[in-house]
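Structure, as structure tokens:
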Amino acid sequence: MRLLALLVAGVMLGGCNRSEQGATADTTSSSGPQLQAISLFGESLFPPPLPPEVREDREVKLVQARSDYELDPGDTDAIIWYGRRTAYLGDYRSAITIYTEGIEQHPDDARLYRHRGHRFISVRELDRAVADLQRAAELVAGRDDEVEPDGLPNARNIPTSTLQSNIWYHLGLAHYLKGEFESALRAYRECIEVSGNPDMLVATSHWLYTTLRRLDMETEAGAVLEPIDADMDVIENDAYHQLLLMYKGELDPQDLLQGTLSEDGIENATLAYGIGAWYLYNGELEQAVEIFRTVLSGSQWSAFGYIAAEADLQRLVEAAA
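Residue numbering for the sequence shown follows my numbering, starting at 1247 and increasing by one per position.
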């Protein structure tokens, strides 16, 4: 109880201070950073920083996507890419608006709900994310799956996910972040059925395993690890692969954790959250809290690991209140 009391004081004080600092930033000027979301602790969240060369490349691609959209505003592919390129620059609110306008024109296109649902997760509007992703799941029921083109290609330029795997994956995540672990479990079990390559398998297996552990279903969680081995040909989801090997006892959690503390990035948030959650469901609360707070000290607030750490800390705060 003493630890939880300290957690309440530390997290809420830190959140209030950062929120006040964020509130002084320019949220109205077209040239300044635009407010994107309010964290689960009430912090003002602005577009995450990007390296100059990455920003320049994404801005060039956004110009082309906007041009394609303006040539044919009713074309669904053009709408989707305009939204995706906008979101890659951290403007999630504008991307949501683009998808919303697309849904008004194409209310039965599952892809628009899938992408808008993803960005509702980014901005912490989890009920809306669930609604969109459930609608997307209904629209693809009974249909053949399709490969989803990569907006940010991996090293081999090989897409690793599909429309249906992305729908179920993000639906499971939205439920998980809400603490609705039984609903998350149902979604991840659907997702594992359409995770047809090593990258999607390790990503889904991580969240499925963690969800099962949160439900105290250790035997079932152990079964998830059986197909996982160190020789899997994983292209981009190395963090999830390493976490699964850690869960199997083949990698040491502290060794993995040390590699995440020196850099501020999405993969590091993923690794650190997975390790923190492992400590949490293994009853080592102090270790988990320390790691979650380290994740939240970074700037990559749209990373799934960051949002999950935020959600778990919020539940711990509420439990201690």
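For each residue, glycine too, the CB sits at the ideal point set by N, CA and C.
Inset, instruction - From the DSSP output, in three-state form, read off Leu-1458 for me. - result: Looking at Leu-1458 - three-state DSSP - the assignment turns out to be helix.
Inset, instruction - Write down the C-beta distance between Ala-1324 and Asp-1314 rounded to the nearest angstrom, noting that I regard them as a contact closer than 8 Å. - result: Contact holds; Cβ gap of about 5 Å.
Legend entry - Secondary structure, beta strand (DSSP E): runs of 3+ residues fully inside the stretch 1309 to 1377: You should have found no qualifying run.
Inset, instruction - Starting from the C-beta of Gly-1425, find all residues in its chain whose C-beta is less than 8 Å away, skip the five residues before and the five after it, and write them out in chain order. - result: Closer than 8 Å at the Cβ level, and outside the excluded window around Gly-1425, lie Ala-1557, Arg-1561.
Inset, instruction - With DSSP as the reference, please indicate the residues paired to Ser-1290 in a beta bridge. - result: DSSP, once it has assigned bridges, lists Ile-1284 as partnering Ser-1290.
Legend entry - Distance CB(Phe-1287)-CB(Leu-1419) smaller than 8 Å: The answer is no: Cβ separation not under 8 Å.
Inset, instruction - Under the assumption that Ala-1485 contacts Leu-1503 (Cβ atoms under 8 Å), give the Cβ distance between them as a whole number of angstroms. - result: Between Leu-1503 and Ala-1485 the Cβ distance is about 12 Å, and since that is not below 8 Å, they are no contact.
Legend entry - Alpha carbon of Arg-1312 to alpha carbon of Gly-1397, nearest angstrom: Approximately 15 Å, taken between the alpha carbons.
Inset, instruction - Flag this pair as touching only if the stretch 1472 to 1482 and the stretch 1429 to 1448 have three or more C-beta atom pairs under 8 Å; answer yes or no. - result: A contact between stretches requires three or more CB pairs, one per stretch, nearer than 8 Å, and the stretch 1472 to 1482 meets this requirement with the stretch 1429 to 1448.
Inset, instruction - Can you check the stretch 1369 to 1425 for any alpha helix (DSSP H) of at least 4 residues that lies completely inside it and give the ranges in chain order? - result: Runs of the alpha helix (DSSP H) lying entirely within the stretch 1369 to 1425 and spanning at least 4 residues, in chain order: 1372 to 1386, 1409 to 1423.
Legend entry - Spatial neighbours of Thr-1408 in its chain, beta-carbon cut-off 8 Å, leaving aside the 5 residues before and after: Only Asp-1391, Glu-1392, Val-1393, Glu-1394, Val-1440, Gly-1442, Met-1446 meet the Cβ criterion.
Inset, instruction - Give every residue of the same chain whose Cβ lies closer than 8 Å to the Cβ of Leu-1471, excluding the five residues on either side of it in the sequence, and list them in chain order. - result: Closer than 8 Å at Cβ, skipping near neighbours: Ser-1451, Tyr-1455, Leu-1490, Tyr-1493, Lys-1494.
Legend entry - alpha helix (DSSP H) segments (min. 4 residues) lying fully within the stretch 1440 to 1489: Runs of the alpha helix (DSSP H) inside the stretch 1440 to 1489: 1444 to 1460, 1464 to 1470.
Inset, instruction - Return the CA-CA distance between Arg-1339 and Arg-1365, expressed in angstroms with no decimal places. - result: When rounded, the separation of the alpha-carbon atoms in Arg-1339 and Arg-1365 is 8 Å.
Inset, instruction - Taking all protein chains shown into account, decide if Ile-1521 is buried (16 or more other Cβ within 10 angstroms of its Cβ) or exposed. - result: Ile-1521 comes out buried.
Inset, instruction - Flag this pair as yes or no: are the beta carbons of Tyr-1345 and Arg-1362 separated by less than 8 Å? - result: Yes; because the gap between Cβ atoms is below 8 Å, this pair is in contact.
Legend entry - Nearest neighbour of Gln-1500, chosen from Glu-1513, Tyr-1525, Asn-1483, His-1487 [CA to CA]: Looking at the Cα atoms, Tyr-1525 is the closest of the given residues.
Inset, instruction - Taking Leu-1531 as part of the alpha helix (DSSP H), name the residues at either end of that continuous run. - result: Run containing Leu-1531: 1531 to 1542, per the alpha helix (DSSP H) assignment.
Inset, instruction - Would you mind giving the Cβ-Cβ distance between Leu-1423 and Ile-1553, rounded to the nearest angstrom? I have them listed as a contact below 8 Å. - result: With 8 Å as the limit, Leu-1423 and Ile-1553 qualify as a contact, their Cβ atoms being about 6 Å apart.
Inset, instruction - Determine the DSSP secondary structure at Asp-1238, reduced to helix, strand or coil. - result: In this structure the chain extends from 1247 to 1567, so residue 1238 is not present and cannot be described.
Inset, instruction - Quick one: grab the DSSP three-state call for Asn-1528. - result: Of the three classes helix, strand and coil, the one that applies to Asn-1528 here is coil, per DSSP.
Legend entry - Three-state secondary structure (DSSP) of Gly-1551: Residue state, collapsed to three classes: helix.
Legend entry - Beta-carbon separation (whole angstroms), Arg-1460 vs Tyr-1527, contact threshold 8 Å: So it is a contact: roughly 6 Å between Cβ atoms.
Inset, instruction - Compare the beta carbon distance of Gly-1348 and Thr-1332 with 8 Å and say whether it is the shorter of the two. - result: Contact: no.
Inset, instruction - Would you kindly work out how many angstroms separate the C-alpha atoms of Thr-1273 and Glu-1513, rounded to a whole number? - result: Here Thr-1273 scores only 37 on pLDDT, less than 50, and its place in the model is too uncertain to base an answer on.
Legend entry - Cβ shell of Ala-1341 (< 6 Å), same chain only, five flanking positions each side left out: Gly-1329, Thr-1332, Ala-1333, Arg-1365, listed in sequence order.
Legend entry - Nearest residue (CA-CA) to Leu-1372, options Leu-1417, Ala-1534, Ile-1537: Of Leu-1417, Ala-1534, Ile-1537, the residue nearest in Cα terms is Leu-1417.
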